[in-house]
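Residue numbers (our numbering): 1455 to 1639. Presented below is the structure to which this report refers.
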């Protein structure tokens, strides 16, 4: 992989079951598990995007426990994973910090068809070539707002299993599968 790759977990703007724009709450498991997947698959950063200061403070406390507190001494591998976490208030802030002011390709994901996707094979080819860094964006709730999807450089296909019509993975499971499909030929 030649290009720098990072992931972002967006809590706003997200849609709910009725399609309204909402903000979702942070979950402890998403912090840990996506950080561990990001570290495993060679991502440079894991951005957690939340507009509410109290939620960002919660993420910061959890990360401090595992990076500088007693958790860091007990489970050093978790420390290494959680060191990738970057807490930001907007997706635009994540893009700016990740790209250091330069161009960034944004790739969105979803559990349903939201745009014409590029295949995982095409995505791996893009990642193997020189170019701007890629920020892989995951949504919470019922998915990313239409504005995020429409502004993306590319969309990846939903995770589908042959012979199954059920598709309701947790975002942390979906992130692990997506990263594996992007990195592993």
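Each residue gets a CB set at the ideal place from its N, CA and C atoms; glycine is no exception.
- When the alpha-carbon of residue 1507 is set against those of 1466, 1619, 1456 and 1525, the nearest one is in 1466.
- Counting along the chain, the unbroken alpha helix (DSSP H) around residue 1545 starts and ends at 1545–1553.
- Within its own chain, the residues whose Cβ lies closer than 7 Å to the Cβ of residue 1599, once the five positions on either side in sequence are excluded, are 1467, 1468, 1469 and 1475, listed in chain order.
- Along the stretch 1483–1555, the alpha helix (DSSP H) occurs as fully enclosed runs of 4 or more residues at 1507–1521, 1524–1528, 1530–1536 and 1545–1553, listed in sequence order.
- The C-beta of residue 1549 has 16 or more other C-beta atoms within 10 Å across all chains shown, which makes the residue buried.
- Between the stretch 1561–1581 and the stretch 1516–1534, the count of C-beta pairs closer than 8 Å stays below three; the two stretches do not touch.
- Per DSSP, the unbroken beta strand (DSSP E) holding residue 1462 starts and ends at 1459–1464.
- Check the Cα spacing between residue 1477 and each of 1630, 1593 and 1619: the tightest is with 1593.
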